[in-house]
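S.K.: Dropping a structure here in structure tokens format, bear with me for questions.
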Amino acid sequence: MKRVEAKSKIDSVTIYSDRVMVTRIAELKLKESVEVAFLDLPGALEEQSVRIKAKDLKIGEVMVKPGYIRVPHPRVKELETRIKKLEVEDRALSDETVVQQEKEKFLNSISVNQRDILSKEIMSAKISPDSWREGLRFISEELIQTKKRIFEIEQARKELKKKLDALRAELNDVRSYIQNRKSIIFDVHPDKEKKYTIELRYILYGASWETYYELRAKPSQSTIELSYFSKISQRTGEDWNDVELNLSTAKPAYGGAAPEPYPWYIDFYQPAPQRVAKTEALREAAAEPEVYDEELVGAPETVAVESGVSIIYRLPGRHTLKSGEPERKLKIIDASFDAEFQYLIIPRQSELAYLTGKFKNNTDYLFLAGSGGTYVGDDFTGNICLPLIAPSQEETLSFGIDERVEVKRELKKSKVSKGGLVKKNTKYEFLYENKIKNFHKKEIKCKIIDFVPVPQNPEIKVEEIKFEPRPTKDKEKELGIYHWETSISPDKEYTIKVSFVVEAPLRGEVEGLM
Numbered sequence: 090m091k092r093v094e095a096k097s098k099i100d101s102v103t104i105y106s107d108r109v110m111v112t113r114i115a116e117l118k119l120k121e122s123v124e125v126a127f128l129d130l131p132g133a134l135e136e137q138s139v140r141i142k143a144k145d146l147k148i149g150e151v152m153v154k155p156g157y158i159r160v161p162h163p164r165v166k167e168l169e170t171r172i173k174k175l176e177v178e179d180r181a182l183s184d185e186t187v188v189q190q191e192k193e194k195f196l197n198s199i200s201v202n203q204r205d206i207l208s209k210e211i212m213s214a215k216i217s218p219d220s221w222r223e224g225l226r227f228i229s230e231e232l233i234q235t236k237k238r239i240f241e242i243e244q245a246r247k248e249l250k251k252k253l254d255a256l257r258a259e260l261n262d263v264r265s266y267i268q269n270r271k272s273i274i275f276d277v278h279p280d281k282e283k284k285y286t287i288e289l290r291y292i293l294y295g296a297s298w299e300t301y302y303e304l305r306a307k308p309s310q311s312t313i314e315l316s317y318f319s320k321i322s323q324r325t326g327e328d329w330n331d332v333e334l335n336l337s338t339a340k341p342a343y344g345g346a347a348p349e350p351y352p353w354y355i356d357f358y359q360p361a362p363q364r365v366a367k368t369e370a371l372r373e374a375a376a377e378p379e380v381y382d383e384e385l386v387g388a389p390e391t392v393a394v395e396s397g398v399s400i401i402y403r404l405p406g407r408h409t410l411k412s413g414e415p416e417r418k419l420k421i422i423d424a425s426f427d428a429e430f431q432y433l434i435i436p437r438q439s440e441l442a443y444l445t446g447k448f449k450n451n452t453d454y455l456f457l458a459g460s461g462g463t464y465v466g467d468d469f470t471g472n473i474c475l476p477l478i479a480p481s482q483e484e485t486l487s488f489g490i491d492e493r494v495e496v497k498r499e500l501k502k503s504k505v506s507k508g509g510l511v512k513k514n515t516k517y518e519f520l521y522e523n524k525i526k527n528f529h530k531k532e533i534k535c536k537i538i539d540f541v542p543v544p545q546n547p548e549i550k551v552e553e554i555k556f557e558p559r560p561t562k563d564k565e566k567e568l569g570i571y572h573w574e575t576s577i578s579p580d581k582e583y584t585i586k587v588s589f590v591v592e593a594p595l596r597g598e599v600e601g602l603m
């Protein structure tokens with residue numbers, strides 16, 4: 090059967106967290122049954138993942154065979170050029186080393202051979218001591234400069250060697266990865282003569298994406314602006330030129346089949362050797378969970394698209410990403426949310442005020458958990474780990490410290506007394522004062538959290554708890570946590586006083602009071 094080479098190009102890629110599905114398109118004019126060959130494909134492609142589709146074209150057996158690269162890859166040529174350039178530099182330095190060493194030998198020979206001549210000519214007054222002194226100074230200076238240059242060359246060659254070793258190692262890796270090729274060959278049987286479009290899909294490792302966010306708080310406008318980015322890494326061994334980019338949240342690595350249930354056994358504790366033996370026996374008796382099923386390995390897009398258990402982000406336009414280039418950051422969407430801002434202040438733990446913003450995800454997008462940067466206006470305030478935020482979900486984010494809100498905590502009273510008629514106890518009396526001052530030119534909302542100690546021993550008592558003013562929320566009082574929510578006007582101060590008494594037996598020392 091006649092063989093026809095399919096001249097294909099990558100049309101689209103769907104990137105998962107640890108792999109990529111590549112879609113190639115080829116157009117062939119066919120009138121009879123032929124053998125179609127897709128050549129020069131990456132050797133790392135998953136053979137079980139190969140899928141071929143062509144409308145109105147009957148496809149026969151598909152074979153994946155080892156291939157070879159016919160044209161040197163641009164990355165290989167680039168590395169070879171860089172290596173050759175550094176080798177030329179190293180050769181030039183090596184030649185200069187030889188010259189400098191010969192110069193050093195010559196200068197040393199002058200200084201050794203001229204000692205007898207020097208003493209004779211000085212004694213016979215043929216030459217003045219000053220002239221010889223100048224000559225010796227010249228030889229010494231030249232020797233110093235020569236030795237210095239030899240040392241500089243040695244250091245330069247060491248650095249060159251490091252660069253050359255790194256480039257040669259990279260070249261070997263690239264050659265073994267890129268030049269390991271595969272060919273996909275299959276026969277086709279057209280019904281009539283016309284141009285057919287053949288779509289080839291396969292899975293490759295070496296590509297991944299992760300989320301990144303830029304979050305901008307705008308308290309004056311009561312909004313939070315969210316920019317949702319993807320950071321894409323591409324080291325598959327083939328370049329993506331002018332392709333459609335899709336980002337999938339599916340997790341093919343976890344497999345598509347649910348695990349088989351197995352019994353939960355309990356028994357009396359036995360010595361370690363017997364217990365280990367029993368555990369091994371139970372493992373053998375229990376069914377092992379399946380890791381992959383064929384459908385997921387072959388076509389993870391089915392999970393992502395058809396089953397509705399994941400999301401695919403289709404980035405607008407077309408994009409070019411070369412294999413091995415630095416990580417690329419591409420925007421997915423921009424979104425703006427109405428937000429409620431307030432300051433979270435926990436004086437016992439930190440005398441700082443943290444600006445927080447609460448918003449509701451009113452988009453249809455699922456924002457995956459990921460890292461990001463926070464800004465207030467145009468000022469960078471820090472980094473954040475964003476949790477997963479589903480559509481219609483509310484979330485509160487921290488936008489960093491605001492130094493225009495001053496927080497002070499002082500221990501106003503600390504008294505220890507011992508006594509008791511029947512029981513000899515130690516009594517500890519404390520009074521804390523928290524002051525929050527607003528240096529903004531507008532009113533701010535604050536959520537202040539303070540604590541009273543919670544005894545972990547029934548003999549320790551915490552009594553006479555007093556607050557001024559009373560907390561607005563005490564749902565967590567069993568944990569000793571109390572909340573105040575208030576508004577503070579410009580240049581005004583809000584004060585909270587917390588006092589309590591701790592009583593404990595005289596015989597023991599109470600930990601954690603301060």
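This note's numbering runs 89 ahead of the 1-based position in the sequence shown.
Ideal Cβ positions, reconstructed from N, Cα and C, are used throughout, including at glycine.
Keep in mind it's a predicted model, so treat the numbers as computed, not measured.
Have a look at S297 and Q323 and give me their C-alpha separation to the nearest angstrom.
M.R.: Counting from 1 along the sequence shown, the entry for residue 297 is found at position 208. Counting from 1 along the sequence shown, the entry for residue 323 is found at position 234. Their backbone Cα atoms lie some 7 Å apart in a straight line.
S.K.: Residues in the same chain with beta-carbon distance under 6 Å from N330, minus the five sequence neighbours each way, listed in chain order, please.
M.R.: Position 241 of the sequence shown, counting from 1, holds the residue named residue 330. Result list for N330: T409, in chain order.
S.K.: Tell me the residue span of the beta strand (DSSP E) that contains P341.
M.R.: Along the sequence shown, read from residue 1 onward, the residue named residue 341 stands at position 252. Taken as a continuous stretch (DSSP letters only), P341 belongs to no beta strand (DSSP E), as it is neither H nor E.
S.K.: I'd like to check one pair, K530 with P579: are the Cβ atoms closer than 7 Å?
M.R.: Your numbering for residue 579 matches position 490 in the sequence shown. Your numbering for residue 530 matches position 441 in the sequence shown. For P579 and K530, yes; Cβs fall inside 7 Å.
S.K.: Along the chain, where does the beta strand (DSSP E) that runs through R113 open and close?
M.R.: Counted from its first residue, the sequence shown places residue 113 at position 24. That run of the beta strand (DSSP E) goes R108 to L119.
S.K.: Check each candidate in E193, N335 and I577 and name the one with the smallest Cα separation from M110.
M.R.: Translated into positions along the sequence shown, residue 110 becomes position 21. The shortest Cα separation from M110 among E193, N335 and I577 belongs to N335.
S.K.: If you draw a straight line from the alpha carbon of D145 to that of V102, how long is it in whole angstroms?
M.R.: Taking the sequence shown and counting its residues from 1, the one referred to as residue 145 is at position 56. Taking the sequence shown and counting its residues from 1, the one referred to as residue 102 is at position 13. The straight-line gap from Cα to Cα measures roughly 24 Å.
S.K.: Quick check: the Cα distance between D276 and V332, rounded to an integer number of angstroms?
M.R.: Sequence index remark: in the sequence shown, residue 276 carries index 187 (1-based). Sequence index remark: in the sequence shown, residue 332 carries index 243 (1-based). Each residue's Cα considered, the two are about 27 Å apart.
S.K.: On the DSSP bridge list, what partners appear for R417?
M.R.: As a working note, residue 417 is residue 328 in the sequence shown. Paired residues: I321.
S.K.: Cα-Cα, which of F426, L289, K252 and K536 is closest to I141?
M.R.: By 1-based counting over the sequence shown, the position of residue 141 is 52. Considering only alpha carbons, the answer is L289.
S.K.: Just the Cα atoms here: how many angstroms apart are E94 and G295?
M.R.: As a working note, residue 94 is residue 5 in the sequence shown. As a working note, residue 295 is residue 206 in the sequence shown. The alpha-carbon atoms of E94 and G295 are separated by roughly 27 Å.
S.K.: Which of the three DSSP states is assigned to I228 in this structure?
M.R.: To locate residue 228, count along the sequence shown from 1; it is residue 139. Three-state DSSP puts I228 in a helix.
S.K.: Once the 5 residues before and after T470 are set aside, which same chain residues still bring their CB inside 7 Å of it?
M.R.: Position 381 of the sequence shown holds residue 470. If we look at T470 and ignore the five residues flanking it on each side, its Cβ neighbours are T463, Y464, F488 and G489.
S.K.: Compare the beta carbon distance of P436 and V494 with 7 Å and say whether it is the shorter of the two.
M.R.: Residue 436 sits at position 347 when you count from the first residue of the sequence shown. Residue 494 sits at position 405 when you count from the first residue of the sequence shown. No. Outside cutoff.
S.K.: Which first and last residues belong to the beta strand (DSSP E) in which Y443 is found?
M.R.: Along the sequence shown, read from residue 1 onward, the residue named residue 443 stands at position 354. That run of the beta strand (DSSP E) goes A442 to K449.
S.K.: Alpha carbon to alpha carbon, what distance is there between F430 and Q310?
M.R.: Position 221 of the sequence shown, counted from the start, is the residue given in the question as residue 310. Position 341 of the sequence shown, counted from the start, is the residue given in the question as residue 430. One C-alpha to the other measures close to 10 Å.
S.K.: Express the C-alpha separation of E116 and V177 in angstroms, rounding to a whole number.
M.R.: Start at 1 with the first residue of the sequence shown, and residue 177 comes out as number 88. Start at 1 with the first residue of the sequence shown, and residue 116 comes out as number 27. Going from the Cα of V177 to the Cα of E116 covers about 46 Å.
S.K.: Does any CB atom of chain C fall closer than 7 Å to the CB of K418?
M.R.: Looking at the structure shown, chain C is missing, and only one protein chain is on hand.
S.K.: Span of the beta strand (DSSP E) holding R493?
M.R.: In the sequence shown, counting from the first residue as 1, residue 493 sits at position 404. Note, R493: premise wrong, no beta strand (DSSP E); not H, not E.
S.K.: Taking DSSP as the reference, what is the three-state secondary structure of N269?
M.R.: As a first step, residue 269 is located in the sequence shown; it is residue number 180 there, counting from the start. Coil.
S.K.: Give the DSSP-derived three-state secondary structure of N330 in the structure shown.
M.R.: Numbered from its first residue, the sequence shown carries residue 330 at position 241. N330: strand per DSSP, three-state reduction.
S.K.: Report yes if the C-beta distance between R171 and L232 is below 7 Å; otherwise report no.
M.R.: Counting from one through the sequence shown, the residue named residue 171 turns up at place 82. Counting from one through the sequence shown, the residue named residue 232 turns up at place 143. Taking 7 Å as the Cβ cut-off, R171 and L232 do not qualify as a contacting pair.
S.K.: Buried or exposed: which applies to N523, given that a residue is buried once 16 or more other Cβ atoms fall within 10 Å of its Cβ?
M.R.: Here residue 523 corresponds to residue number 434 of the sequence shown, with the count starting at 1. It is buried - the Cβ of N523 has at least 16 other Cβ atoms within 10 Å.
S.K.: If I measure Cβ to Cβ from K513 and keep anything under 6 Å in the same chain, skipping five residues before and after, which residues do I get?
M.R.: Here residue 513 refers to the residue found at position 424 of the sequence shown. Setting aside the 5 residues that flank it on each side, K513 is surrounded in the same chain by L595, each with a C-beta closer than 6 Å to its C-beta; the list follows chain order.
S.K.: Just checking, does the region 551-559 make contact with the region 581-599 on the three C-beta pairs under 8 Å criterion?
M.R.: yes
S.K.: Given that a residue counts as buried once 16 or more other Cβ atoms are within 10 Å of its Cβ, and exposed if not, what is F448?
M.R.: Translated into positions along the sequence shown, residue 448 becomes position 359. Counting the other CB atoms within 10 Å of its CB gives F448 a total of 16 or more, which places it among the buried residues.
S.K.: Classify R596 as helix, strand or coil using the three-state DSSP reduction.
M.R.: Sequence index remark: in the sequence shown, residue 596 carries index 507 (1-based). In this structure, R596 counts as coil in the three-state DSSP scheme.
S.K.: Using a 10 Å radius around the Cβ and a threshold of 16 neighbouring Cβ atoms, would you call A258 buried or exposed?
M.R.: Along the sequence shown, read from residue 1 onward, the residue named residue 258 stands at position 169. Per the 10 Å Cβ criterion, exposed.
S.K.: Our contact map puts S272 next to L128 with C-beta atoms below 8 Å; I'd like the distance itself, whole angstroms only.
M.R.: For the purposes of this step, residue 272 is taken as residue 183 along the sequence shown, with counting starting at 1. For the purposes of this step, residue 128 is taken as residue 39 along the sequence shown, with counting starting at 1. Contact holds; Cβ gap of about 5 Å.
S.K.: Would you identify the three-state DSSP class for T186, choosing helix, strand or coil?
M.R.: As a first step, residue 186 is located in the sequence shown; it is residue number 97 there, counting from the start. Here T186 sits in helix by DSSP.
S.K.: Please go through the same chain and pick out, in chain order, the residues whose beta-carbon is closer than 8 Å to the beta-carbon of Q190, but skip the five residues on each side of it.
M.R.: For the purposes of this step, residue 190 is identified with residue 101 of the sequence shown, where counting begins at 1. Closer than 8 Å at the Cβ level, and outside the excluded window around Q190, lie I239.
S.K.: Can you give me the C-alpha to C-alpha distance between L404 and F540, rounded to a whole angstrom?
M.R.: Counting from 1 along the sequence shown, the entry for residue 404 is found at position 315. Counting from 1 along the sequence shown, the entry for residue 540 is found at position 451. Cα-Cα distance, rounded: 49 Å.
S.K.: Using 7 Å as the threshold, is the C-beta distance between D328 and K418 below it?
M.R.: The residue you call residue 328 lines up with position 239 of the sequence shown. The residue you call residue 418 lines up with position 329 of the sequence shown. Taking 7 Å as the Cβ cut-off, D328 and K418 do not qualify as a contacting pair.
S.K.: What alpha helix (DSSP H) runs, 4 residues minimum, are completely inside the region 524-596?
M.R.: none
S.K.: Using C-beta distances below 6 Å, list every residue in its chain close to K562, excluding the 5 sequence neighbours before and after it, in chain order.
M.R.: Walking along the sequence shown from the start, residue 562 turns up at place 473. Once the five neighbours on either side are set aside, the close Cβ partners of K562 are H572.
S.K.: For A258, which of helix, strand or coil comes out of DSSP?
M.R.: Stepping through the sequence shown from its first residue, residue 258 is reached at position 169. Helix.
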